[in-house]
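One structure is given here, and the rest of the page talks about it.
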Amino acid sequence: MSASIQVLSRLRGYRQMAVSARLAIGLSALLVLVLAVGLVSLSLGPVEIPVGHVAWIVLSAVGIDVPEFGRTEQLVIEQIRLPRIIVGAAVGMALAIAGATMQGLFRNPMADPGIIGVSAGGALGAVVAIATGLTGLFFLALPVFAFVGAMAAAFLVYGIAVVGGHFSMATLLLAGVAVNAFLGAVVSAIILFLPDNEALREILFWLAGGLDSRSWEHVRIAGPLIVGSAVILLLMARDLNLLMLGDDEARSMGVRVGATRIVLLAAAALATGAAVAVSGTIAFVGLVIPHTLRLLLGPDNRVLIPMSALGGAVFVILADTVARLIIEPAEFRVGVLTAFVGAPFFILLLIKNKRQVYSL
């Protein structure tokens, strides 16, 4: 009997080592990719700056002695491009980890952050702020209203799902569909009756999603919320794995199913709300990135969530870089670009891997 226990213990140890090795290799590769893509993105734009100078400027910002470089280059990097790229990386990370969580929680590879009304709520909050003119009075009105709207929508959907004291996943999904449709109708009504063409243009630009004019203020608004959400989801990755087996199995392994589900939903909604508040609606990141990585790496959320975070960051930085350059000196909207790229890519992915998709 003791020999069997020793064998099982060794197998468990080997499995844990394999997970750790996969995670270390994958995170190292993606982290290098994030840094490389970020440096290239910082160098590109109306003012082209050599990648070497970009590296010097970034190193000097953290107190490392480097060769001299131009003051104009430093201002462009530090005040315009760097905060924009950090916001883009944070948004990609938030949407991807929220998508990975939703897909695991609902046991459905088609789930994404918009499924519980978070994106629609954020959109409505931002539209209200623009339509009422508050954005002209208060610089942070748009992200604050968007974040409040996103969180309010998430709690509304969850509240509907627990009416009667019993949580229902099916009710949550249906409530998400209904709330999304209702909030979308409210946004359409506001747009339809808005007399100010300038405000209308601002609303349409925001709804298309973008990272233009992002500043260090936006980094300070979204950064702590997104990082905090990511830490919570990483710490709860094992519990999410057990929930994927079913509620009864999770309970038998000591998981407090109700409380765990609430925390996971709240953390995913918090990450998405913070992202929507500073970038608008950017589609497909939370669907394509975690789903693609799940097909490549398997469904273990201890690996999938951190890998999705870096994968989402790379995806959004790349999309933003292309959006800045594709119709220079104007800018293409990042949300439109990710939809153009993500939709056909995801369809091809489904066709190629449909057996794996339905076996998850």
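Each residue of the sequence shown is one higher than the one before, starting from 95 at the first, in our numbering. Just so it is clear, CB atoms sit at the ideal spot from N, CA and C, and this is done for glycine as well. The structure displayed is predicted, hence computed values, not measured ones.
Separation of the CB atoms of Val428 and Gly317 is rounded to 18 Å, and the pair is thereby denied contact status at 8 Å.
When the five nearest sequence neighbours on each side are left out, no beta carbon in the same chain lies closer than 6 Å to the beta carbon of Val152. Each of Pro384, Asn335, Leu364 was checked against the Cα of Val351, and the nearest Cα belongs to Asn335. When DSSP states are grouped into helix, strand and coil, Pro203 belongs to the coil group.
Collapsing the DSSP output to three states places Arg396 in a helix.
The straight-line gap separating the alpha-carbon atoms of Met401 and Val370 is approximately 21 Å.
As the crow flies, the alpha-carbon of Glu172 is around 20 Å from that of Phe233.
A residue is called buried once 16 or more other Cβ atoms fall within 10 Å of its Cβ, and Ala130, having fewer, is exposed.
Unbroken alpha helix (DSSP H) runs of no fewer than 4 residues, entirely contained in the segment 206 to 280, are found at 212 to 225, 228 to 231, 235 to 255, following chain order. Of all C-beta pairs linking the segment 199 to 211 to the segment 415 to 430, fewer than three are shorter than 8 Å, placing the two stretches out of contact. The straight-line gap separating the alpha-carbon atoms of Val128 and Ala407 is approximately 7 Å. Around the C-beta of Ile315, 16 or more other C-beta atoms lie within 10 Å, and the residue is accordingly described as buried.
Judged by DSSP secondary structure, Leu169 falls within the alpha helix (DSSP H) whose first and last residues are 165 to 169. In this structure, the beta-carbon distance from Ala194 to Leu387 falls below 9 Å. The beta carbon of Thr229 lies closer than 7 Å to those of Ala223, Ala235, Leu236 in the same chain, with the five residues before and after it left out. Ser346 and Met245 have their C-alpha atoms spaced approximately 32 Å apart.
Fully enclosed alpha helix (DSSP H) runs of no fewer than 4 residues occupy 145 to 155 of the segment 120 to 158, in order along the chain. Check the Cα spacing between Ile191 and each of Ala413, Val148, Leu136, Phe409: the tightest is with Phe409. For Ala377, the three-state secondary structure derived from DSSP is coil.
Annotated three-state conformation of Phe426 is coil, per DSSP. Look at the segment 274 to 336 and you find these whole runs of alpha helix (DSSP H), each 4 residues long or longer: 291 to 302, 310 to 329. Per DSSP, the continuous alpha helix (DSSP H) segment holding Glu343 begins and ends at 341 to 346.
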